[in-house]
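**Student:**
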Amino acid sequence: MDNVKILLSENEIPRKWYNLAADLPTPMLPPLGPDGSPVRPEILAPVFPMNLIEQEVSTQRWIDIPPEVLDILYRWRPSPLRRAVYLERYLKTPAKIYYKDESVSPAGSHKPNTAVPQAYYNKQFGIKRLTTETGAGQWGSALAFACNLIGLECKVFMVRISFDQKPFRKLMMQVWGANCVASPSSETNAGRAILKSMPDTPGSLGIAISEAIEAAVTDGSGQTRYALGSVLNHVLLHQTIIGLEAKEQLKKAGEKLPDVVIGCAGGGSNFAGLAFPFAYDKIHGAKIKIVPVEPTACPKMTRGNFVYDHGDVACMTPLLPMHSLGHTFVPKPIHAGGLRYHGMAPLVCQGIVEGLFAPKAYDQLKCYESAMVWAKTEGAICAPETSHAIAATIDEAIACRESGEEKVILFNYSGHGLMDLAGYDAYLSGKLTDYVMPESEILENLAKLAGMPKAEARKTGRW
Ligand SMILES: *Cc1c(COP(=O)(O)O)cnc(C)c1O
Numbered sequence: 033m034d035n036v037k038i039l040l041s042e043n044e045i046p047r048k049w050y051n052l053a054a055d056l057p058t059p060m061l062p063p064l065g066p067d068g069s070p071v072r073p074e075i076l077a078p079v080f081p082m083n084l085i086e087q088e089v090s091t092q093r094w095i096d097i098p099p100e101v102l103d104i105l106y107r108w109r110p111s112p113l114r115r116a117v118y119l120e121r122y123l124k125t126p127a128k129i130y131y132k133d134e135s136v137s138p139a140g141s142h143k144p145n146t147a148v149p150q151a152y153y154n155k156q157f158g159i160k161r162l163t164t165e166t167g168a169g170q171w172g173s174a175l176a177f178a179c180n181l182i183g184l185e186c187k188v189f190m191v192r193i194s195f196d197q198k199p200f201r202k203l204m205m206q207v208w209g210a211n212c213v214a215s216p217s218s219e220t221n222a223g224r225a226i227l228k229s230m231p232d233t234p235g236s237l238g239i240a241i242s243e244a245i246e247a248a249v250t251d252g253s254g255q256t257r258y259a260l261g262s263v264l265n266h267v268l269l270h271q272t273i274i275g276l277e278a279k280e281q282l283k284k285a286g287e288k289l290p291d292v293v294i295g296c297a298g299g300g301s302n303f304a305g306l307a308f309p310f311a312y313d314k315i316h317g318a319k320i321k322i323v324p325v326e327p328t329a330c331p332k333m334t335r336g337n338f339v340y341d342h343g344d345v346a347c348m349t350p351l352l353p354m355h356s357l358g359h360t361f362v363p364k365p366i367h368a369g370g371l372r373y374h375g376m377a378p379l380v381c382q383g384i385v386e387g388l389f390a391p392k393a394y395d396q397l398k399c400y401e402s403a404m405v406w407a408k409t410e411g412a413i414c415a416p417e418t419s420h421a422i423a424a425t426i427d428e429a430i431a432c433r434e435s436g437e438e439k440v441i442l443f444n445y446s447g448h449g450l451m452d453l454a455g456y457d458a459y460l461s462g463k464l465t466d467y468v469m470p471e472s473e474i475l476e477n478l479a480k481l482a483g484m485p486k487a488e489a490r491k492t493g494r495w
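Residue numbers (the working numbering): 33 to 495.
(1) Straight-line CA distance for A423 to A415?
(2) Just to confirm the assignment, what range does the beta strand (DSSP E) spanning A393 have?
(3) Indicate whether I274 and E100 have their beta-carbon atoms separated by less than 8 Å.
(4) Compare the C-alpha of K463 against each of P470, M469, G455 and name the closest.
(5) How about L442 and A278: do their beta carbons lie closer than 8 Å?
(6) Looking only at its own chain, which residues have a Cβ that is under 6 Å from the Cβ of A139, when we skip the five neighbours before and after it?
(7) With distances taken Cα to Cα, identify the nearest neighbour of N483 among S461, G358, G375, L397.
(8) Residues in the same chain with beta-carbon distance under 6 Å from L478, minus the five sequence neighbours each way, listed in chain order, please.
(9) Can you tell me where the alpha helix (DSSP H) with P327 in it begins and where it stops?
(10) Got a sec, what are the start and stop residues for the alpha helix (DSSP H) F303 sits in?
(11) Does the distance from the C-beta atom of G238 to that of V345 stay below 8 Å?
(12) Looking at the structure shown, is Y340 part of a helix, part of a strand, or coil, going by DSSP?
(13) Whole beta strand (DSSP E) runs in the region 219–268 with 3 or more residues, listed along the chain?
(14) Taking all protein chains shown into account, do 16 or more other C-beta atoms lie within 10 angstroms of the C-beta of S522, making it buried, or fewer, making it exposed?
(15) Quick one: what does DSSP say Y106 is sitting in, helix, strand or coil?
(16) Beta-carbon separation of C432 and A127 under 8 Å?
(17) Under the rule that 16 or more other beta-carbon atoms within 10 Å means buried, what is M205, buried or exposed?
(18) Which same chain residues end up closer than 7 Å to A248 when comparing Cβ atoms and leaving out the 5 residues on each side of it in sequence?
(19) In terms of DSSP beta bridges, what is S356 paired with?
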């Protein structure tokens with residue numbers, strides 16, 4: 033039997049995070065303020081603690097992971113690298129499929145990898161309380177878990193559709209001591225305004241972000257800050273521990289570099305966490321296909337534009353250079369709540385513009401079919417988000433069967449689906465549908481960005 037579990041011991045854990053900004057062949061465009069000029073980092077100070085802002089703007093290649101953070105991460109890290117031999121046999125593929133199992137964290141996804149350091153740096157800075165948004169509830173529960181261990185209060189605005197579909201995630205947050213409300217809520221100006229104009233809205237991450245930022249910056253004590261679960265540079269940085277471990281583990285398994293690296297992408301953090309350490313090799317000459325996968329119902333990378341746009345509906349965030357469907361876009365209620373976001377991490381987007389990453393989009397039904405194949409071969413029940421990476425992996429493995437190539441495919445198993453069984457219920461009872469995004473709806477939302485500064489798509493042309 034081949035090794036199907038490739039493990040690292042505690043003392044083999046990476047001690048530094050990898051910052052792709054140090055190696056991007058074309059530098060990222062800066063975030064812009066309301067007046068169209070680059071934001072000075074201090075402007076973000078009411079929202080984030082200064083130590084995290086420093087990480088956000090850093091172009092240093094390696095950044096030390098504080099020992100106190102590692103001490104918490106040891107609860108589940110290094111996470112296993114597994115080989116999906118049972119799926120390989122089922123597909124009759126000569127490809128070798130490896131996956132990084134991030135479902136083993138206490139919250140069940142990759143998100144605690146950044147929740148813990150974010151809570152840590154806030155605590156170091158003297159902050160007492162964090163606010164945040166959550167889609168499917170994964171990020172809210174990860175932050176609740178981290179705040180509990182670090183000793184911070186935690187307030188979560190949860191997208192209404194998930195709040196209703198996934199009551200157990202809310203309970204997890206409560207077990208870890210957080211306070212969770214449905215968004216839009218009546219607790220903020222942003223929430224009240226949206227409830228007035230769209231009382232039946234399913235909510236969106238963009239709306240919930242507006243509420244969480246407002247709740248942080250309007251706290252007169254100055255001891256509340258906001259934490260974001262994806263998109264930002266420092267979040268992606270914290271997630272690179274996944275790819276750095278995977279590199280060591282592939283070596284242990286006797287592999288060189290992978291031929292294909294795949295991750296599902298909502299805001300881009302689990303994809304980036306796995307892919308960036310391999311993007312480093314690609315930049316330095318390795319031939320690796322790197323694929324972020326999104327839902328066809330929220331197709332910012334494959335059908336959106338590379339533009340300057342806000343990260344939230346109420347335009348509270350700076351303008352970020354990213355692939356976007358427009359901050360007013362409200363995605364259809366697909367079950368992969370964590371992928372229902374209008375934009376994408378600027379670091380990932382610059383990689384797409386450069387040609388380092390080749391995004392793909394998959395329909396909801398095809399993803400659930402892949403999740404079912406996974407459950408019936410490998411055994412585990414994956415998160416609806418993760419099923420997008422599995423669908424793309426299966427397609428790559430089938431292509432290898434047809435071409436006879438023994439490629440090494442590596443994907444990120446971003447989380448388990450044990451809190452998302454309602455989606456499986458809808459699939460099994462035949463109620464699940466695909467949502468085709470009409471071009472007119474995309475154009476309508478993008479047209480609203482007409483007055484914004486233009487984002488120049490800079491690339492070397494090497495890929
Ligand atoms: C949140 C989430 C995602 C999407 O977020 P990214 O920042 O793009 O990684 C994917 N998978 C799972 C299981 C999640 O919880």
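C-beta: ideal position from N, C-alpha, C; glycine also.
**Tutor:** In short, the structure shows the following:
(1) 12 Å
(2) 392–394
(3) no
(4) G455
(5) yes
(6) S173, A174, F177
(7) Sequence inspection shows Gly at residue 483; the Asn mentioned does not correspond to that position. Nearest C-alpha to G483: G358.
(8) N337, G358
(9) Segment 321–327 is the beta strand (DSSP E) holding P327; no alpha helix (DSSP H) there.
(10) 301–315
(11) yes
(12) strand
(13) 256–258
(14) The question about residue 522 has no answer, for the chain in this structure spans 33 to 495.
(15) coil
(16) yes
(17) buried
(18) V79, T163, T256, R257, Y258
(19) N337
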